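Numbering (the working numbering), first residue to last: 70 to 328.
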């Protein structure tokens, strides 16, 4: 097998492992939807505030944030699976074989990206049952799905790198609040135009604000390739950082194993 075949084999393993573990899938889909329902019930009247962008409902406004929430859950699950491979000895057996070293990380990242792509369609399918309209149509949903997959690959590579560095599933799971806080310090649930003070400053400096806004544009305004490219650029930056730190962690673990 060549490196590409190794990649597809490990990516398939990551995807199959995820589908066989409802405990990994349900939180990444169920929890964001529950939070969406709760926040929309509490904040739906916020859409009537002067200056709030014109939307049909708070659900239409917040669905993009829900997608990113699901991605974060899925990314932590990917890192947890990698840590369990290390803890259970599978990683040692893997590196003792002639498998491509880069495929070890890339395969796991591909699994996270695939889950995110599917998540987007599930989220949109569910909220459409409640009358949520997508101004960007099918093309907009496709763009968001691709952008979500890229973002999931970025965060998945970060958590996989943490798993390789620590070898601990608990450490990966413990990183979730640190990652999740970036979502709440963004424009995920409230427009930046209505913010003030330090929160507006932080939200304006937070790359997730612009990524979510790029997704949101496809939902509430219409198909726009330029706005999507902003989201993709941010996702690509996170992926570049994640792959860099992930490969450093992988090389460190290989050196520790004298390989």
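We put the beta carbon where it would ideally sit given N, CA and C, even for glycine.
Computed from a predicted structure; not experimentally measured.
Residue 202 beta carbon less than 8 angstroms from that of residue 129: To locate residue 129, count along the chain shown from 1; it is residue 60. To locate residue 202, count along the chain shown from 1; it is residue 133. Yes, the Cβ-Cβ distance between residue 129 and residue 202 is below 8 angstroms.
How would you write the range of the alpha helix (DSSP H) that residue 162 sits in, first residue to last? As a working mapping, residue 162 is identified with position 93 in the chain shown. Looking at the DSSP string, the run of the alpha helix (DSSP H) that includes residue 162 is 159-165.
Specify, as a first and last residue, the run of the alpha helix (DSSP H) that residue 246 falls within. Along the chain shown, read from residue 1 onward, the residue named residue 246 stands at position 177. Looking at the DSSP string, the run of the alpha helix (DSSP H) that includes residue 246 is 245-253.
When you compare only the Cα positions, how much space is there between residue 122 and residue 285? Residue numbering aside, residue 122 sits at position 53 when the chain shown is read from its first letter. Residue numbering aside, residue 285 sits at position 216 when the chain shown is read from its first letter. Cα to Cα, the separation comes out at about 11 angstroms.
Exposed or buried, which one is residue 165 when buried takes at least 16 other CB atoms within 10 Å? As a first step, residue 165 is located in the chain shown; it is residue number 96 there, counting from the start. Flag for residue 165 reads exposed.
For residue 220, which residues of its own chain have a beta-carbon under 6 angstroms away from its beta-carbon, when the five flanking residues on both sides are left out? Here residue 220 is taken as the residue at index 151 of the chain shown, counted from 1. If we look at residue 220 and ignore the five residues flanking it on each side, its Cβ neighbours are 140 and 304.
Is it buried or exposed for residue 85, if we count other Cβ within 10 angstroms and need 16 for buried? Your numbering for residue 85 matches position 16 in the chain shown. It is exposed - the Cβ of residue 85 has fewer than 16 other Cβ atoms within 10 Å.
Quick one: Cα of residue 200 to Cα of residue 125, how far? For the purposes of this step, residue 200 is taken as the residue at position 131 of the chain shown. For the purposes of this step, residue 125 is taken as the residue at position 56 of the chain shown. So the alpha carbons of these two residues sit roughly 9 angstroms apart.
Between residue 182 and residue 146, what straight-line distance do the alpha-carbon atoms span, to the nearest angstrom? To locate residue 182, count along the chain shown from 1; it is residue 113. To locate residue 146, count along the chain shown from 1; it is residue 77. Residue 182 and residue 146: Cα-Cα distance of roughly 12 angstroms.
Hey, is residue 126's beta-carbon within less than 8 angstroms of any beta-carbon in chain C? Absent here is chain C; the protein component of the structure consists of one chain.
Measuring straight from C-alpha to C-alpha, what distance separates residue 190 and residue 209? The residue labelled residue 190 in the question sits at position 121 within the chain shown. The residue labelled residue 209 in the question sits at position 140 within the chain shown. Approximately 11 angstroms between the Cα atoms of the pair.
Assigned exposure category for residue 325 - 16 Cβ within 10 Å defines buried: As a first step, residue 325 must be located in the chain shown, where it is residue number 256. With fewer than 16 Cβ atoms within 10 Å of its Cβ, residue 325 is classed as exposed.
For the alpha helix (DSSP H) that contains residue 124, what are its first and last residues? Looking up residue 124 in the chain shown gives position 55. Note, residue 124: premise wrong, no alpha helix (DSSP H); not H, not E.
Below 8 angstroms, how does it come out for the region 221-231 and the region 146-161: are there three or more Cβ pairs, yes or no? yes
With DSSP as the reference, label residue 93 as helix, strand or coil. Counted from its first residue, the chain shown places residue 93 at position 24. Residue 93 falls in the helix class under three-state DSSP.
Which word fits residue 108, buried or exposed, when buried means at least 16 other C-beta atoms lie within 10 angstroms of its C-beta? Mapped onto the chain shown, residue 108 falls at position 39. The residue in question, residue 108, is buried, as its Cβ has 16 or more Cβ neighbours within 10 Å.
Do you know offhand how far residue 293's Cα is from residue 111's? Stepping through the chain shown from its first residue, residue 293 is reached at position 224. Stepping through the chain shown from its first residue, residue 111 is reached at position 42. Straight-line Cα distance between these residues: approximately 30 angstroms.
Could you give the distance in angstroms between the alpha-carbon of residue 127 and the alpha-carbon of residue 322? The residue given as residue 127 occupies position 58 in the chain shown. The residue given as residue 322 occupies position 253 in the chain shown. Whole-angstrom Cα-Cα distance: 46 angstroms.
Which of the three DSSP states is assigned to residue 300 in this structure? Here residue 300 refers to the residue found at position 231 when the chain shown is read from its first residue. Reduced to three states, the DSSP call for residue 300 is helix.
Report the rounded CA-to-CA distance for residue 132 versus residue 196, giving the unit in angstroms. Position 63 of the chain shown holds residue 132. Position 127 of the chain shown holds residue 196. Straight-line Cα distance between these residues: approximately 8 angstroms.
Backbone CA spacing between residue 162 and residue 274 [nearest angstrom]: As a first step, residue 162 is located in the chain shown; it is residue number 93 there, counting from the start. As a first step, residue 274 is located in the chain shown; it is residue number 205 there, counting from the start. So the alpha carbons of these two residues sit roughly 43 angstroms apart.
Residue 223 vs residue 308 beta-carbon contact at 8 angstroms: Translated into positions along the chain shown, residue 223 becomes position 154. Translated into positions along the chain shown, residue 308 becomes position 239. Yes. Within cutoff.
What separation, rounded to the nearest whole angstrom, lies between the Cα atoms of residue 185 and residue 263? Translated into positions along the chain shown, residue 185 becomes position 116. Translated into positions along the chain shown, residue 263 becomes position 194. Distance between the alpha carbons of residue 185 and residue 263 is about 30 angstroms.
Is residue 198 helix, strand or coil by DSSP? Along the chain shown, one-based indexing puts residue 198 at 129. Residue 198: coil per DSSP, three-state reduction.
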